[in-house]
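Working notes, beginning with the structure itself.
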Amino acid sequence: MVVSQSDEYGGKTLKKIKSWSVVPGVFVQSDPLHDATGYDLLGDGFGLVDKSPERWQNLVKKLKQLNEESDEHTTYKLIYYARHGEGFHNRAESKYGTAAWDSHWAQKTGDGESVWGPDPLLTEKGIGQARTMNSALKKELEHGMPLPQKLYSSPFQRSATTLQITWEDILLNKGMVPKGTSMRSYLRSAESSIRHRKGLSWMDL
C-alpha cells in the first residue's frame, strides 16, 4: 500500500481502497435501530449524535485523533453525501407508480405533459429542495461545520444543478471552489431514456 500526502485532518490518500466502513456513534444514521421514517435530517444537525454548540469542532477533533492513531493502511474521511433534488423523472414515477415506470415509462422521454428524457431537469420542488439544503448548510456553518475540500457530482443535469444551487453562495461564487471539483459518472447496469447526459461544456460550475 502506497500512501501519498495527507489532508488538513490528517487523512491519508491511499492508492488502493480494499474496503470501507462507517464509524459508529457519530451520526444517528449509522445506528441499525434508527428509524428514518419522517426523520428531519436538516433540522437535526445532519444527524450528528453530539448536539452541543461545539458539535462540529468536536467531530473535527475526533477525526484528527482517529487519523493520528490509524496505521498506514487506514484513513478516516468526513464525506457529505446528498441526493439530487426531485427531477421530472421522479415526478413521473410518483404519478404512474414504480411498476409502470420500470416496465414502460422509463423507456420514454415524456408523456405529452412532462419531459423527463434524455437528461431530466429538476422540478420546481427539486430546486426548492436544493435551496433548503443550502439554507441548512449555512445554519450548520455557523456552528463550525467544516467545508468540503473536494466536490463530486454525476454529470447529469439534475445532479450538477443540485450541486450548483446547494453550494453557489457558499463555495462556487466566492472563489472558494476546491481544486478537486470534478464530475464523476458511475456505471449503471440498467438502460433507460433518462441516462443520456449532455457534454460538460454547458455547465458553469
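Quick note on the working numbering: the sequence shown kicks off at 112 and runs consecutively.
Don't be surprised by glycine CBs; every beta carbon is placed ideally from N, CA and C.
Roughly how many angstroms lie between the CA atoms of residue i and residue j, to the nearest whole one?
| i | j | result |
| --- | --- | --- |
| Tyr191 | Pro259 | 8 Å |
| Asp230 | Arg269 | 8 Å |
| Phe267 | Tyr187 | 29 Å |
| Ala203 | Tyr120 | 43 Å |
| Glu183 | Ala210 | 48 Å |
| Tyr263 | Thr234 | 22 Å |
| Leu153 | Ala247 | 6 Å |
| Asp222 | Tyr150 | 33 Å |
| Leu174 | Leu189 | 8 Å |
| Gly122 | Asn178 | 6 Å |
| Ala241 | Ser265 | 15 Å |
| Ser181 | Ser205 | 46 Å |
| Thr148 | His195 | 19 Å |
| Gly239 | Thr272 | 12 Å |
| Asp213 | Asn284 | 39 Å |
| Val171 | Leu282 | 20 Å |
| Pro143 | Leu274 | 29 Å |
Beta-carbon within less than 7 Å of residue i's beta-carbon, same chain only, minus the 5 sequence neighbours each way: which residues are those?
| i | result |
| --- | --- |
| Val139 | His145, Gly158, Val160 |
| Pro164 | His254 |
| Gln168 | Gly255 |
| Gly156 | Lys162, Arg166, Glu251 |
| Ser132 | none |
| Pro135 | Ser141 |
Return the chain-ordered list of same chain residues with a C-beta closer than 8 Å to the C-beta of residue i, the five sequence neighbours on each side being excluded.
| i | result |
| --- | --- |
| Val226 | Phe199, Thr220 |
| Thr243 | Leu153 |
For residue i, which residues from the same chain have a beta carbon less than 6 Å from its beta carbon, with the 5 sequence-adjacent residues on both sides left out?
| i | result |
| --- | --- |
| Asn245 | Thr277 |
| Tyr207 | Trp216 |
| Lys236 | Glu197 |
| Ala301 | Because the pLDDT of Ala301 is 41, which lies under 50, any placement of that residue in the model is unreliable, and the number read from its coordinates should be weighed accordingly. Cβ within range, chain order: n/a, list empty. |
Starting from residue i and walking both ways along the beta strand (DSSP E), at which residues does that stretch end?
| i | result |
| --- | --- |
| Thr124 | 123-125 |
Start and end of the alpha helix (DSSP H) containing residue i?
| i | result |
| --- | --- |
| Ser205 | 199-207 |
| Ile128 | That residue, Ile128, is in no alpha helix (DSSP H); it is neither H nor E in DSSP. |
| Ile238 | 235-252 |
| Trp167 | 166-180 |
Per DSSP, residue i is paired with what?
| i | result |
| --- | --- |
| Leu232 | BP columns for Leu232 are empty, so no partner. |
| Val226 | Gly221 |
| Leu159 | Phe138 |
At a Cβ threshold of 8 Å, is residue i touching chain C?
| i | result |
| --- | --- |
| Asp155 | Here chain C cannot be found, since the structure has a single protein chain. |
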